[in-house]
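A.B. asks: Protein chains in written order, with my numbering: chain A, 4 to 323; chain B, 3 to 291; chain C, 246 to 687.
All C-beta atoms, glycine included, are put in the ideal place defined by N, C-alpha and C.
What you are looking at is a predicted structure, and each value in this text was computed from that prediction instead of being measured.
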Amino acid sequence: MKRKSLIYSLFLKGGVLLLLFLMQFILPTYHHSSFSKIMILASYAVGYNFLLGYTGLMSLGHAMFFASGMYSAGLSILYLGFTPLEGMVFGTVFTLTMSLIFGLFALRTSGVSFLIVTLMFGQTFYLAILYYNELTYGQDGFSLTNYLGSLVLFGEEFLYSNPVIRYNFALILLAVYLLITTIIILSPIGRILIAIRENEARTQLLGYNVFSYKLFALTFSGTLAGISGAMHALLFSYIGTTFAEIHHSISPLLWTLLGGAGTVIGPLLGTGIMYYLIDFISGITSNYLLVVGVILVLTIIWFPLGIMGTIRQRWLKWLP
Amino acid sequence: MPMVFLAVLDGTVTAFVLALIALGLSLVFGVMRIVNVAHGEFFMLGAVLSWFAYNWTADSVWGFVLALLIAPVIVGAIAVISERYILRKVDYNPESTIVATIGILYVIQQLTLMGFGPEARPVEAPIYFRVSFPWFGYSGYKLLVAVMSGLCLCGVWLLLKRTKLGLYMRATQQDYEIATTFGVPTKKIYASVFALGGGLAALAGVLVVPIRQADHLMGLEPLLLSFIVVIIGGLGSIRGTIIAAFLIGISDGIISVFYEPTLAKMLATLFVVMILIIKPSGLFGENQQ
Amino acid sequence: MSNKEKEKIDQQSEMNLSRRSVLGAGAAIAGAGIIGSQLIDPVAKTAYAAGSDKPIRIGFQAHRTGIGALYGRWYERTTNAAAKYINSIGGIAGRPIEIITEDDGTDPKRGADVVEKLATKHKVDFVYGTLFSHVVMGSAPRAGELKIPYFVVSEGYHVASGALNRYVFQPCITDVRSQITAVSNWIFSNLGKNVALIYPDYAFGYDHRDYASAAAAKSGAKITAKIAIPPTASSFTRYFVKIPKNTEVIYHVMVGPGVLTFVREMGEHYGTKHPKLFGFIDSLEGVNINSSGLEFLDGSHFWEAMPRYADGYPTSGSNFYRDAVGVDNTGASKSDSKDVSAYSHMFGCWETLFAIKEAVEQSGYKSKKDYKTLIETFEGFTGFNEGIAHPQGSKVFSGKTHQGYGQQFVSQVKNGKFNVVHRTSIADGMYEPETDYTKKSL
């Protein structure tokens with residue numbers, strides 16, 4: 004079962020990624036850049052899903068991780084003269100450390116308390132960025148355009164904002180995330196995480212150190228979010244507190260739920276659908292948040308498993 | 003010295019109002035074991051409905067009275083409808099409820115935007131008088147708000163301890179299944195508790211709106227503060243909630259005077275972390291394991 | 246204002262009018278009345294010379310929702326009114342103007358997406374209309390990457406500071422630095438030299454803090470306190486305690502839903518003996534000065550970019566504009582007296598559309614290939630003449646900073662309305678340019 008799952012899921016994942024890769028050649032300009040953005044945001048959601056869908060921990064403060072990756076990468080490029088690559092590495096390390104330390108404190112609580120703690124820490128991080136606005140440019144934010152230089156690939160120079168670079172880097176990031184999370188989920192670690200999600204007390208009784216598994220999951224999820232943030236900064240250049248606000252924490256929750264928490268493709272689907280839905284609705288009414296709210300409610304009532312989750316339950320039982 | 007006095011005064015008023023808002027959240031969690039993320043929106047609705055009442059009667063006193071009567075009722079009704087058609091459908095699953103109430107939050111907020119408009123609108127206080135202290139003046143109405151909130155809190159305490167409804171609520175909180183076995187109409191109790199929670203928040207909104215204007219985004223701040231209060235006090239403990247509200251309200255007042263407000267908020271959160279490390283279930287909370 | 250000044254102003258607007266009738270061949274289009282939500286006047290279209298009837302498409306990035314919704318509403322009305330009028334007098338270079346509006350939710354992330362959508366999906370010629378600073382910061386770089394001219398109606402200092410790119414312009418609304426520099430001297434000379442600053446705890450507020458402090462240092466005035474208030478604050482009493490006793494003037498620029506509370510609590514705190522007040526109309530855009538709780542402001546002074554009450558600056562251009570955008574003599578909507586306008590900001594939309602018209606017509610712009618010529622022409626502008634096209638007043642324009650400079654007004658609240666007591670000269674608000682966009686590449 005495990006082997007078959009792995010092969011099937013790799014096929015599915017590979018298929019989707021191949022499709023995405025090919026689409027860049029036929030997509031019109033506007034949708035080309037929409038897809039780039041969707042893929043980066045989807046990778047954020049994939050990271051989030053690792054915590055929510057597989058470990059069963061709901062966080063309402065994930066924007067803190069995304070923003071920490073974004074700001075640490077961006078500020079190091081801006082002030083310390085790091086190259087984009089160095090910035091990304093720094094962003095990764097910084098977020099990893101932060102999520103680890105955060106996890107050590109926050110995981111002392113569980114369930115609703117954990118949720119509220121993540122919410123509050125998310126708010127505090129947001130406030131901290133505002134408080135240190137001399138350094139961070141506060142609410143206005145700043146743009147990395149003039150500091151990124153250009154990328155040299157295959158002997159050619161490219162700007163990071165080049166559509167081809169954007170699309171493929173986002174795709175590669177997403178691909179890597181999908182690969183890593185699939186491997187972990189199907190590994191023993193993954194099964195213990197799922198066991199924790201299903202019944203934490205029993206898993207504890209079986210002798211597993213639940214705390215360290217949860218810590219791993221949180222750190223991993225946070226770090227993935229941070230790397231997404233750093234990549235977003237590189238490809239889209241704008242860094243601002245809007246990425247640390249509570250709505251940016253609710254977003255991956257929404258995307259993951261809609262697409263299917265606990266499935267690997269779910270987050271990507273959810274992100275894409277919501278992005279286009281909002282785009283489409285903004286054309287009709289100025290009140291897209293209302294529609295978002297309604298969708299949230301309807302989804303959780305009628306499709307608590309999300310789209311892919313429902314598909315898995317009804318037809319394709321092997322979906323990871 | 004006058005700064006501290008003002009801080010304590012202001013903090014006390016804040017604390018009373020905060021207690022009222024947080025109480026609703028705490029009750030709901032205590033009895034139903036769910037978190038209502040739309041709680042702040044109930045508060046906002048109280049304030050907005052108060053504006054409509056004020057506008058309709060064109061008189062600050064009658065408008066106030068009208069608002070006090072109808073706002074909690076209307077918001078309570080909205081709460082009951084949400085409970086019946088949404089929360090019950092997800093079986094009160096904690097995570098699903100959070101998602102559902104986030105959705106409800108967006109819906110309420112945006113409908114208010116559409117019906118009320120984007121700008122903030124003032125509501126006149128029913129009574130206006132200025133209390134003169136040697137160093138500064140202070141709003142008499144604010145002091146009245148503290149008194150009225152205090153009365154409401156007493157009212158809720160009486161409800162819980164002395165009435166049959168309160169008895170049922172406490173029974174359901176202790177153990178849902180046993181309470182059902184004993185003939186407590188637990189489903190209806192759930193609806194009542196949710197309505198009570200929403201009603202209290204709306205009431206706080208009516209009391210507060212003459213002090214600050216009504217606008218469709220005003221629910222977020224009280225929500226976050228209520229969360230802090232409820233966590234520190236301990237989820238499910240009424241006594242803890244009220245004590246924590248005072249702790250937070252007054253210390254926030256004092257810290258803000260001496261430090262910058264943004265820093266004060268950050269410190270408040272760190273304070274919460276400390277509490278959680280020492281006692282994860284809050285000061286008076288029950289253990290959730 | 247003296248009669249002579251009034252004459253001069255009227256003369257100038259006459260000049261502009263006749264200039265326009267030369268340009269607008271089909272000016273006698275009376276049928277401009279039947280415009281619904283569509284911006285192209287079907288009647289006007291038929292009057293254009295053959296081959297030039299492809300519209301000029303302007304993408305309007307509007308704050309329809311979010312914290313900027315109040316401004317977005319009035320910006321949209323003004324934009325539509327300007328487009329309607331421009332089409333009625335022959336459009337731009339004989340081509341009708343078409344406005345495509347997208348909501349950015351007053352959110353920088355969506356701002357960048359909206360710029361993208363307008364540029365690549367709707368394929369507009371220009372993007373314009375952003376107000377809030379953080380949205381400008383989030384969106385302008387994308388306009389630079391997409392290489393599409395981006396006209397900001399923001400009042401922020403970021404354009405002139407050089408932080409953005411050569412495609413970004415802010416020609417017809419003055420920036421905060423300029424405003425503060427212009428009125429500070431009046432404050433120090435007329436109200437007092439010991440000033441306490443109260444401002445919101447983010448960029449807009451810091452600009453006020455920094456430039457007011459700089460102006461004080463120059464004039465020998467003293468800043469007695471600098472009090473930053475978080476934007477989400479709902480109670481302000483604790484801040485008033487921090488104002489020292491020797492303060493003669495409280496300079497306040499609170500924005501957001503807390504403003505009315507702020508004023509009322511200030512009144513409660515001080516009672517009848519209080520320092521003089523100087524505020525910025527940003528605090529009260531969309532708010533009726535006779536709202537309850539604002540009594541404390543009676544007798545105090547405010548900066549206005551364009552006087553809300555019609556008698557503040559009754560030039561024929563200004564009156565025409567007021568009528569065209571549907572605002573009455575008190576600054577409220579003609580169809581709803583409770584709907585007070587954002588009068589000190591929205592004129593920027595009207596004027597910017599005319600500035601775009603002037604640039605297109607003078608540069609001979611036909612399509613995207615001509616962006617470079619358009620930008621260079623724009624950078625060559627030295628100013629805009631007062632009149633129907635620029636009703637707020639004449640502007641001086643700096644090609645280096647891509648920023649327009651204009652007059653400012655100081656008004657006093659008395660008898661339930663704002664009354665203009667002082668008008669600054671454009672020179673009062675000028676400063677040394679800190680950047681030169683003309684030297685940057687396109």
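Leaving out the 5 sequence neighbours to the left and right, which residues in its chain are closer than 6 Å to C/S589 when beta-carbon positions are compared?
C.D. replies: I526, E549, A550 and M551
A.B. asks: Going by DSSP, what residues sit across from C/V572 in a beta bridge?
C.D. replies: C/S578
A.B. asks: Mapping DSSP to helix, strand and coil, what is A/S146?
C.D. replies: If DSSP states are grouped into helix, strand and coil, A/S146 belongs with the strands.
A.B. asks: Report the neighbours of C/H519 on chain B: residues whose CB is nearer than 8 Å to its CB, in chain order.
C.D. replies: What C/H519 touches in chain B: nothing, since even the nearest Cβ is about 10 Å away.
A.B. asks: Please confirm whether C/G503 has its beta-carbon closer than 8 Å to some beta-carbon of chain B.
C.D. replies: Among the CB atoms of chain B, one or more fall inside 8 Å of the CB of C/G503.
A.B. asks: At what residue ranges does the region 118 to 198 of chain B contain a whole run of the beta strand (DSSP E), taking only runs of 3 or more?
C.D. replies: Whole beta strand (DSSP E) segments, 3+ residues: 132 to 134 and 139 to 141.
A.B. asks: Who are the neighbours of B/P136 on chain C, taking C-beta pairs under 8 Å?
C.D. replies: Neighbours of B/P136 on chain C: none; closest Cβ ~12 Å, over 8 Å.
A.B. asks: Taking the Cβ atom as the reference point for each residue, do C/V665 and C/G557 lie within a distance shorter than 8 Å?
C.D. replies: Closer than 8 Å, so yes.
A.B. asks: My output table needs one value for C/R265: the three-state DSSP class, helix, strand or coil.
C.D. replies: At C/R265, the pLDDT of 37 sits below 50, so the modelled position is not reliable and the matter cannot be decided from this model.
A.B. asks: Does the Cβ-Cβ distance between A/T112 and B/P282 come in under 8 Å?
C.D. replies: yes
A.B. asks: Of all the options A/V300, A/L154, A/F239 and A/A247, which has the alpha carbon lying nearest to the alpha carbon of A/L257?
C.D. replies: A/V300
A.B. asks: Using a beta-carbon distance below 8 Å, is B/T102 in contact with chain A?
C.D. replies: As written in the sequence, residue 102 of chain B is Ala, which differs from the Thr given in the question. Judged by the 8 Å Cβ criterion, B/A102 is in contact with chain A.
A.B. asks: Curious, which full-length beta strand (DSSP E) runs of at least 3 residues does the region 82 to 168 of chain A contain?
C.D. replies: Whole beta strand (DSSP E) segments, 3+ residues: 153 to 156 and 159 to 162.
A.B. asks: Spell out whether any CB of chain C is found under 8 Å from the CB atom of B/L278.
C.D. replies: No, because no Cβ of chain C sits closer than 8 Å to the Cβ of B/L278.
A.B. asks: Any chance you could list the alpha helix (DSSP H) runs of at least 4 consecutive residues sitting entirely within the region 12 to 53 of chain B, in chain order?
C.D. replies: Taking only runs of at least 4 residues, no alpha helix (DSSP H) segment lies wholly in the region 12 to 53 of chain B.
A.B. asks: Are the beta-carbon atoms belonging to A/V96 and A/A109 less than 8 Å from one another?
C.D. replies: no
A.B. asks: Based on Cα-Cα distance, which residue from C/R302, C/I303, C/L315 and C/R309 lies nearest to C/A587?
C.D. replies: In terms of CA proximity to C/A587, C/L315 leads the group C/R302, C/I303, C/L315 and C/R309.
A.B. asks: Could you tell me which chain C residues have their CB closer than 8 Å to the CB of A/T245, listed as they occur along the chain?
C.D. replies: D352, P353, K354, H379 and G383
A.B. asks: Does B/F229 come within less than 8 Å of chain A when only Cβ atoms are used?
C.D. replies: yes
A.B. asks: Would DSSP call A/Y11 helix, strand or coil?
C.D. replies: helix
A.B. asks: Cβ closer than 8 Å: which chain A residues qualify as neighbours of C/G389?
C.D. replies: Going along chain A in sequence order, the residues near C/G389 (Cβ under 8 Å) are T148.
A.B. asks: Quick one: which chain B residues come within Cβ less than 9 Å of C/V216?
C.D. replies: The question about residue 216 of chain C has no answer, for chain C in this structure spans 246 to 687.
A.B. asks: Going straight from the alpha carbon of A/M4 to that of A/L189, what length do you get?
C.D. replies: For A/M4, the predicted structure reports a pLDDT of 49, less than 50, and the residue's modelled location is therefore unreliable. A value from the coordinates is still provided. Computed Cα separation, rounded: 10 Å.
A.B. asks: Which residue's Cα is closest to the Cα of A/D143: C/P353, C/S580 and C/W595?
C.D. replies: Answer by Cα proximity: C/P353.
A.B. asks: What are the boundary residues of the beta strand (DSSP E) that includes C/R663?
C.D. replies: One detail in the question is off: residue 663 of chain C reads as Phe in this sequence, not Arg. Counting along the chain, the beta strand (DSSP E) containing C/F663 begins and ends at K662 to R668.
A.B. asks: Label A/R6 either buried or exposed according to how many other C-beta atoms from any shown protein chain fall within 10 Å of its C-beta, with 16 as the threshold for buried.
C.D. replies: exposed
A.B. asks: Would you verify that the beta carbon of C/S282 is, or is not, closer than 8 Å to some beta carbon of chain B?
C.D. replies: Confidence in C/S282 is poor, its pLDDT being 27 and thus under 50, which makes the residue's placement too unreliable to answer from.
A.B. asks: Among the residues of its own chain, which have a CB less than 6 Å from the CB of C/K685, if the five just before and after it don't count?
C.D. replies: R411
A.B. asks: Might you give, ordered along the chain, the residues of its own chain that have their beta carbon closer than 8 Å to the beta carbon of B/G139, omitting 5 neighbours on each side?
C.D. replies: R132 and V133
A.B. asks: Tell me which residue opens and which closes the alpha helix (DSSP H) that C/I301 is part of.
C.D. replies: Counting along the chain, C/I301 falls outside any alpha helix (DSSP H), though it belongs to the beta strand (DSSP E) covering I301 to A307.
A.B. asks: Under 8 Å between C-beta atoms, does C/V482 make it to chain B?
C.D. replies: It is worth fixing the name first, because residue 482 of chain C is Thr in this sequence and not Val. Output row for C/T482: interface = yes.
A.B. asks: In the structure shown, what three-state DSSP assignment does B/W64 receive?
C.D. replies: helix
A.B. asks: Decide if B/I23 is buried, meaning its Cβ has at least 16 other Cβ atoms within 10 Å, or exposed.
C.D. replies: Around the beta-carbon of B/I23, 16 or more other beta-carbon atoms lie within 10 Å, marking it buried.
A.B. asks: Going by CA-CA distance only, name the one from C/V532, C/V494 and C/A478 that's closest to C/E510.
C.D. replies: C/A478
A.B. asks: Taking Cβ positions only, does A/L292 come closer than 8 Å to chain B?
C.D. replies: yes
A.B. asks: Using a Cβ-Cβ cutoff of less than 6 Å, which residues in the same chain neighbour A/S46 once the five nearest sequence positions on both sides are dropped?
C.D. replies: L176, L177, Y180 and S231
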